[in-house]
Amino acid sequence: MLQDSAELDQELVRALFDIRGELHQAAGGSDYAGDLHADLRAARESGPVHAAPVGEVLGHSYRTGVLAEHSAPIYSAFDFATVNTVLRDPDVYSSAVYDSVSEMFGKNILQMGGSEHTRYRGLVQHSFARSMVPWWADNWIEHIVEVLLRRIEGQGRADLNLDLCALLPLLTITSSFGIEWHQALQLRTYVETMLGAGRPKSERLAASAAIADMLRPVVVERRRSPQDDLITVLTRETIVDENGDRHLLGDDEILGFARLVLTAGSGTTWRQLAIVLWALLGHPDQLDAVQRDRSLVRPAIEEALRWEVTDPTFHRLVTRDTVLGGVPIPAGAVIEICLAAANLDPARWADPERFDITRPIRPHLAFATGPHVCLGMHVARAEMAIALNAVLDRFPRLRWDPQAPRPALLGLTMRGPAEVPVVFS
Ligand code: HEM
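Under the numbering used here, the letters of the sequence shown match residues 206 to 630, in that order.
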């Protein structure tokens, strides 16, 4: 279904995708505007594991989200080897830390473990595999990028953060659910309220129910009349339960997965695409190189993911007494793993704080690793690569807007630039 940007309310877009706004405030760490590389270097150099959350180690105290829910001691890890160990050992470092998420989302793979996680993730994995990138690109991504760029091309200047980065991932996911563009922003409003850490629980649960109210009719319709979209795929999936019985995924299981993908897939790729553009605009020689040689698009995206990842921290629950990075950690503690610090570890990358798209690619941890490695990473990479190529094709003279202040990257838990002001004529 080809849709048009006239259906998007620009004021609502501005309100929903404000990195200084309410959602980010509530998540904590949004007012961090320090020198993240220097702060992480200092933390790593004083030890791979600290007996405090990342924010506190960096002198920026907040306890929201997962950190607020657990009264247990909190530890944090800063080097590549340690973070890698935690992510690859789900028996000791468990995703049950996110158990409360299921209260809002419904049953979902983020907080599952063991064979349950393997069974449920196995159902959806193939729709997000690298081999499915053409399905995502041809059905949705190419068209959305085309419409979004067409609407700014005559203007000579734009804020690519709002005009492109924010909308592309949201519209990709909602379109893959069969949701029309004018409803996509409404859905995003509900997601924000559902996540809103500072809001009363009743409001958050009401928003979660409102998401279900929007999606349930699509599920019912797809069961009756299948289409070439993600909800149809989910309605056809069967799961083998613990007793060995096979059954179709129920509506609640589909809705739980949908809420997770809506949350995990739109905010992250929005801010990361903005970071890719921010990094290249800030290094005009490397932007020129990518413009001339498009085989550098992928390396540029990987380097931006490594150099400045949008979600710097994730969490695990420690299930038994253990020793990590030489520090004893008791069962029941929470470990906050700092992907951003791991990705800047000099033991793995030479001169790690330099943005260099020509450096040899080594796997980074921006999408994590282990059993919970980002399910949507190939979709995210495809969105960013298609968007970057299209921007370079359409706007060969792309550069920072000289009349706008240079934006900084903000935030510690959800990181990105508040604007990407460019001129291209
Ligand atoms: C640049 C953008 C993205 C980044 C940096 C990112 C990062 C991550 C990370 C670090 C995790 C692991 C969380 C943990 O282990 O605690 C994760 C999980 C996940 N991501 Fe992404 N993500 C991005 C885009 C997406 C997209 C586009 C989708 C969906 C279309 C998606 C869906 C998911 C899902 C469903 C999980 C949970 C997987 C599981 O628990 O097995 N992500 N993501």
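Even for Gly, the Cβ is constructed at its ideal location relative to N, Cα and C.
Residues in its own chain within less than 7 Å of THR468 by CB, not counting five upstream and five downstream?
The answer, listed in chain order, is VAL396 and LEU400.
In the DSSP output, what is THR362 paired with across the bridge?
The sequence given here places Arg at residue 362; Thr does not occur at that position. Its beta-bridge partners are VAL628.
Does the beta-carbon of GLN477, which I'm using as the reference point, lie nearer than 6 Å to any heavy atom of the ligand HEM?
At least one heavy atom of the ligand HEM is nearer than 6 Å to the Cβ of GLN477, so yes.
In three-state terms, what does DSSP make of THR473?
When secondary structure is reduced to three states using DSSP, THR473 falls in the helix class.
When you compare only the Cα positions, how much space is there between ALA613 and TRP386?
One C-alpha to the other measures close to 30 Å.
Contacts around GLU321, its chain only, beta-carbon distance under 6 Å, and the 5 residues preceding and following it disregarded:
Taken in chain order, the list of residues that qualify is empty.
Is VAL466 near the ligand HEM, judged by its Cβ being under 6 Å from some heavy atom?
For VAL466, the shortest C-beta to heavy atom distance toward the ligand HEM is below 6 Å.
Could you check if MET206 is buried or exposed, using at least 16 other CB atoms within 10 Å of its CB as the buried criterion?
With a pLDDT of only 46 at MET206, under the threshold of 50, the placement of this residue in the model should not be trusted, and no figure is reported.
Hey, would you say the C-beta of LEU328 is under 6 Å away from at least one heavy atom of the ligand HEM?
LEU328: no, Cβ never under 6 Å from the ligand HEM.
Which word fits THR443, buried or exposed, when buried means at least 16 other C-beta atoms lie within 10 angstroms of its C-beta?
With fewer than 16 Cβ atoms within 10 Å of its Cβ, THR443 is classed as exposed.
Between which two residues does the beta strand (DSSP E) containing HIS520 stretch?
Counting along the chain, the beta strand (DSSP E) containing HIS520 begins and ends at 518 to 523.
So, are the CB atoms of ALA509 and ALA484 less than 7 Å apart?
Yes, Cβ-Cβ distance for ALA509 and ALA484 is below 7 Å.
If LEU544 sits next to LEU570, beta carbons under 8 Å apart, how far is it from one beta carbon to the other, in whole angstroms?
Confirmed, Cβ separation roughly 5 Å.
Opening and closing residue of the beta strand (DSSP E) in which THR443 lies
Membership of THR443 in the beta strand (DSSP E) is indicated by the continuous run 443 to 445.
With a threshold of 8 Å on Cβ separation, who are the neighbours of PRO489 within its own chain once the five nearest residues in sequence on each side are excluded?
Contacts found: ARG604.
What does DSSP give as the partner residue(s) for VAL539 in the beta ladder?
DSSP, once it has assigned bridges, lists ILE279 and LEU522 as partnering VAL539.
Pick from ALA546, PRO610, PRO607 and VAL502: whose alpha carbon is nearest that of VAL481?
Of all alpha-carbon atoms in ALA546, PRO610, PRO607 and VAL502, the one lying nearest the alpha-carbon of VAL481 is that of VAL502.
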